[in-house]
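K.L.:
Handing you this structure, nothing more for now.
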Amino acid sequence: MSDKKVRVRFAPSPTGGLHLGGVRTVLFNYLFAKKNGGDFVLRIEDTDQSRYVEGAEQYILDCLEWCGLTPDESPVAGGPFAPYRQSERKSLYREYAEKLVREGHAYYAFDTTEELEQNRKEIPNFQYGQAYRNSLRNSLSLKEHEVDLLLDAHTPHVIRIKMPADERVSFNDMIRGHVSFETNQVDDKVLLKADGMPTYHLAVVVDDYLMKITHAFRGEEWLPSAPVHLLLWEYLGWKAEMPQWAHLPLILKPDGHGKLSKRDGARLGFPVYAMNWFDAKTGELTPGFRELGFLPEAFLNLLATLGWNDGTDQEIFSLDELVEKFSLDRVSKAGAKFDFEKAKWFNAEWIKKSEAGSLKSEVKRILGDKGVIVTNDDYLLQVIDKVKDRCVLLPDFYHQSAYFFEQPKEYDVNSVKAKWTDAKTEFFNAFINTIKTTETFEPVELEAAFKALAEEKAIKAGELMLPFRIMLVGGKFGPHVFDIAVLLGKDETIRRIEKALVVFGS
RNA sequence: GGCCCGUUCGUCUAGGGGUUAGGACGUUAGAUUUUCAUUCUAGAAACAGGGGUUCGAUUCCCCUACGGGCUACCA
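Written out as structure tokens, the structure reads:
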């Protein structure tokens, strides 16, 4: 086992957008694989055609790309174990199911959905298993020739696993340690559906075996069906090659109770999906972290620390650091409530930490979308450096930097008008002159000149700073006002003072 | 209901038989910023309960409570 090359897989079903928890599962898979020099496989589990959603697979691929968690093998990249879509592997599952039937570990069941529903309604705690299987219509209860007749007539049927009586199935989970189940408590899960498609239970075992998966990560919600999978590995004769399991803790709703769901995002006002997801059928748009203005680094960072830490006080990790430091025995067992406030903090930290250059194209796009055209990239870089500490989400760059590129459309006149005097108008006219006549244009000197002039005119500098800011910015925010003026340049600063004077004076 | 998993500040967590139970987010108060944000300083804030084991349990064991998951021809 130990000398085998590590191979992990992320196996989503393409039924919609990719959930936070899903991305975290990808991340842990990826980290574990890269840490151990292994391969990361993407397998699409599209065995339920009724839930298949057009575009969902592409969306998953796009998500992985945005996050920088590129699979080594996938439906598009291919690989030695192709195909990587279960729908394209359909023909291969039946033989394993039939083999199990032949060897007495599975059986044909002819009950209709309606009949089973009826049973579930009428019999308390009904389970298709030990207690009831003999009174239902299957190859265990029916006579052999009756079964043959039904089969020959192509009667719709499924293949179910036959759970053994009075056994205890146990295994060692990489996260939770020893876990065990009574086989009597587990029902006879369907392995092969009437349409010939395998269920998850069969497909995951067959494909993990065929694709030589060594470590299987999945959400804790799969724990109850683990005994079925374990038994399948055994019955199929592959027990020695069974991957090691790791059942990840769930991501919970921040308020109330239960797993975090798509609905909670809408209800609480934060994204649950990695990227925007548009459902063509309902016309519904589910917002994503990317579009809200999260950096992929921040997104990964916050996901990683939801249920994992490196044992130190460090909280900010790059993907490379995560690969280096990740360890399964530092993953917690308990579910974690998602905290959007902390998520935003991670993003703010990453924006502060990022070089202006790496933020440039995103900021340019955000400004462009709002009609602010950037022509000078060097200037943009300087602006980003000046304002990035005040941005939490990427779109904040619009509010924080648009005034560097265009004159304020509106002024916070309420903050200046009440105290406006002719003396102030006079001051600013004189200040325009000062600017025109100074040779250099640099923050410290400009501030000194401003204050000197204020003293000369017998006005408190403090009374003039805010008006000056509002002339340049339009509101009460932004970096140091003299920094802004210098970045804007002499001519533009003068233009803005002149324009604002008209507004303030009227 | 049954089965399985879990339980340290409001939240994410560190710790682990003897600690002033640590950090972070958020929050409160102050400083800096003649704007706002950043930053800095300080504060409030937790071992679910009951039994054991032990000289000593938050830490180990059991029970209870609570929380969560599963209980489909969905994954």
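Numbering (our numbering), first residue to last: 420 to 925.
Just so you know, even glycine gets a beta-carbon here, dropped at the ideal spot from N, CA and C.
As the structure is a prediction and not an experimental result, all values here were calculated from the model.
Keeping to the same chain, check which residues put their C-beta closer than 8 Å to that of Pro502; ignore five residues upstream and five downstream.
P.N.:
Within the first sequence, residue 502 is the residue found at index 83, counting from 1. Pro494 and Arg508, listed in sequence order.
K.L.:
Let me check you understand the geometry: is the CB of Asp592 closer than 6 Å to at least one non-hydrogen atom of the ligand FAD?
P.N.:
Within the structure as shown, the ligand FAD is missing, as the structure has no ligands at all.
K.L.:
Rounded to a whole number of angstroms, what is the C-alpha to C-alpha distance between Glu710 and Phe590?
P.N.:
Taking the first residue of the first sequence as 1, we reach residue 710 at position 291. Taking the first residue of the first sequence as 1, we reach residue 590 at position 171. When rounded, the distance between both Cα atoms is 42 Å.
K.L.:
My output table needs one value for Val863: the three-state DSSP class, helix, strand or coil.
P.N.:
Here residue 863 refers to the residue found at position 444 when the first sequence is read from its first residue. Residue state, collapsed to three classes: helix.
K.L.:
Would you list the residues sitting across from Arg504 in a DSSP beta bridge?
P.N.:
Taking the first sequence and counting its residues from 1, one reaches residue 504 at position 85. In the DSSP output, where bridge partners are listed per residue, Arg504 has Ile463.
K.L.:
For the candidate residues Leu570, Ala871, Ala525 and Thr912, whose alpha-carbon lies nearest to that of Pro827?
P.N.:
Stepping through the first sequence from its first residue, residue 827 is reached at position 408. The candidate whose alpha carbon is nearest that of Pro827 is Thr912.
K.L.:
For Asp902, does the three-state DSSP call read helix, strand or coil?
P.N.:
Residue 902 sits at position 483 when you count from the first residue of the first sequence. Correct three-state label for Asp902: helix.
K.L.:
May I have the straight-line CA-CA distance separating His634 from Gly656, to the nearest angstrom?
P.N.:
By one-based count along the first sequence, residue 634 stands at place 215. By one-based count along the first sequence, residue 656 stands at place 237. Answer to the nearest angstrom: the Cα atoms are 18 Å apart.
K.L.:
Can you list, in chain order, the residues of its chain with a C-beta nearer than 8 Å to that of Asp804? Leave out the 5 residues immediately preceding and following it.
P.N.:
The residue given as residue 804 occupies position 385 in the first sequence. If we look at Asp804 and ignore the five residues flanking it on each side, its Cβ neighbours are Ala775.
K.L.:
Just to confirm, is the Cβ distance from Arg428 to Asp465 under 7 Å?
P.N.:
Locating residue 428 in the first sequence gives position 9, counting from the first residue. Locating residue 465 in the first sequence gives position 46, counting from the first residue. No.
K.L.:
Considering only the alpha carbon of each residue, which of Gly893, Leu813, Glu534 and Lys581 lies closest to Leu519?
P.N.:
In the first sequence, counting from the first residue as 1, residue 519 sits at position 100. Closest by alpha carbon: Lys581.
K.L.:
Buried or exposed, going by whether 16 or more other CB atoms sit within 10 Å of the CB of Gln819?
P.N.:
The residue labelled residue 819 in the question sits at position 400 within the first sequence. Its Cβ being crowded by 16 or more others within 10 Å, Gln819 is buried.
K.L.:
Would you tell me roughly how many angstroms separate the C-alpha atoms of Lys424 and Ile594, rounded to the nearest one?
P.N.:
Locating residue 424 in the first sequence gives position 5, counting from the first residue. Locating residue 594 in the first sequence gives position 175, counting from the first residue. So the alpha carbons of these two residues sit roughly 21 Å apart.
K.L.:
If you reduce the DSSP assignment to three classes, tell me which class Tyr526 lands in.
P.N.:
Indexing the first sequence from 1 puts residue 526 at position 107. Three-state DSSP puts Tyr526 in a strand.
K.L.:
Pull up the CB-CB distance for Lys608 and Arg579, whole angstroms please, since I reckon it's below 8 Å.
P.N.:
Here residue 608 refers to the residue found at position 189 of the first sequence. Here residue 579 refers to the residue found at position 160 of the first sequence. At roughly 7 Å, the Cβ-Cβ gap stays under 8 Å, so Lys608 and Arg579 are in contact.
K.L.:
So for Asp458, helix, strand or coil by DSSP?
P.N.:
Within the first sequence, the letter at position 39 stands for residue 458. Reduced to three states, the DSSP call for Asp458 is strand.
K.L.:
Which stretch, first to last residue, makes up the alpha helix (DSSP H) that contains Gly638?
P.N.:
Here residue 638 corresponds to residue number 219 of the first sequence, with the count starting at 1. Looking at the DSSP string, Gly638 is not in any alpha helix (DSSP H); the run it does join, the beta strand (DSSP E), is His634 to Gly638.
K.L.:
For the candidate residues Asn603, Gln604 and Thr618, whose alpha-carbon lies nearest to that of Leu610?
P.N.:
What you label residue 610 is simply residue 191 of the first sequence in a count that begins at 1. For Leu610, the nearest C-alpha among the options comes from Thr618.
K.L.:
In or out: Pro898 buried (at least 16 other Cβ within 10 Å) or exposed?
P.N.:
By 1-based counting over the first sequence, the position of residue 898 is 479. That one is buried.
K.L.:
Please state whether the Cβ-Cβ distance between Glu781 and Ile735 is less than 7 Å.
P.N.:
The residue given as residue 781 occupies position 362 in the first sequence. The residue given as residue 735 occupies position 316 in the first sequence. Not closer than 7 Å, so no.
K.L.:
Terminal residues of the continuous beta strand (DSSP E) containing Gln663?
P.N.:
Locating residue 663 in the first sequence gives position 244, where the first residue counts as 1. Note, Gln663: beta strand (DSSP E), Gln663 to Leu667.
K.L.:
Identify whether Pro494 lies in helix, strand or coil by the three-state DSSP scheme.
P.N.:
Indexing the first sequence from 1 puts residue 494 at position 75. Reduced to three states, the DSSP call for Pro494 is coil.
K.L.:
Could you name the residues of the same chain whose beta carbon sits closer than 7 Å to that of Asp729, not counting the 5 residues immediately before and after it, in chain order?
P.N.:
Position 310 of the first sequence, counting from 1, holds the residue named residue 729. Lys744 and Arg749, listed in sequence order.
K.L.:
Could you say which of Val647, Leu559 and Asp815 lies nearest to Phe600 if we only look at CA atoms?
P.N.:
Here residue 600 refers to the residue found at position 181 when the first sequence is read from its first residue. It is Val647.
K.L.:
From the DSSP output, in three-state form, read off Phe942 for me.
P.N.:
For residue 942 there is no data in the structure shown, the boundaries of the chain being 420 and 925.
K.L.:
Using C-beta distances below 7 Å, list every residue in its chain close to Gln546, excluding the 5 sequence neighbours before and after it, in chain order.
P.N.:
Working through the first sequence from its first residue, we reach residue 546 at position 127. So the list reads Asp606, once near-sequence residues are dropped.
K.L.:
Please report the Cβ distance between Ile889 and Ser834, rounded to the nearest whole angstrom; I am assuming they are in contact, meaning their Cβ atoms lie under 8 Å.
P.N.:
Position 470 of the first sequence holds residue 889. Position 415 of the first sequence holds residue 834. Indeed they touch by this definition, with Cβ atoms about 6 Å apart.
K.L.:
Ignoring anything shorter than 4 residues or poking outside the segment 788-851, list the alpha helix (DSSP H) runs there in chain order.
P.N.:
Those alpha helix (DSSP H) runs which fall completely within the segment 788-851 and span 4+ residues are 796-806 and 815-820.
K.L.:
Label Phe757 either buried or exposed according to how many other C-beta atoms from any shown protein chain fall within 10 Å of its C-beta, with 16 as the threshold for buried.
P.N.:
As a first step, residue 757 is located in the first sequence; it is residue number 338 there, counting from the start. Buried: at least 16 other Cβ atoms inside 10 Å.
K.L.:
Contact defined as beta carbons within less than 8 Å: I believe Leu671 pairs with Lys678. What is the distance between those atoms, to the nearest angstrom?
P.N.:
In the first sequence, residue 671 corresponds to position 252, counting from 1. In the first sequence, residue 678 corresponds to position 259, counting from 1. The pair is a contact, with the Cβ atoms about 6 Å apart (cut-off 8 Å).
K.L.:
Going by other Cβ atoms of all chains shown within 10 Å of its Cβ, with 16 needed for buried, is His676 buried or exposed?
P.N.:
For the purposes of this step, residue 676 is taken as residue 257 along the first sequence, with counting starting at 1. Counting Cβ neighbours within 10 Å, His676 comes out exposed, since fewer than 16 surround it.
K.L.:
Tell me, please, which residues DSSP counts as bridged to Arg784.
P.N.:
On the first sequence, residue 784 is found 365 positions in, with the first residue counted as 1. Arg784 pairs with nothing; no bridge assigned.
K.L.:
Closer than 8 Å by C-beta to Thr444: which residues in its own chain qualify, once you throw out the five before and the five after it? Chain order, please.
P.N.:
Counting from one through the first sequence, the residue named residue 444 turns up at place 25. So the qualifying residues of the chain are Phe429, Phe636, Arg637, Gly638 and Leu667.
K.L.:
Return the bridge partner residues of Trp696 from the DSSP annotation.
P.N.:
As a first step, residue 696 must be located in the first sequence, where it is residue number 277. Thr705.
K.L.:
For Pro715, which residues in the same chain have their Cβ closer than 8 Å to its Cβ, ignoring the five residues on either side in sequence?
P.N.:
Residue mapping note: residue 715 aligns to position 296 of the first sequence, counting from 1. These residues qualify, in order along the chain: Trp485, Cys486, Gly487 and Arg709.
K.L.:
Are the beta-carbon atoms of Tyr512 and Leu621 separated by less than 7 Å?
P.N.:
Looking up residue 512 in the first sequence gives position 93. Looking up residue 621 in the first sequence gives position 202. Their beta carbons are under 7 Å apart, which means Tyr512 touches Leu621 by this criterion.
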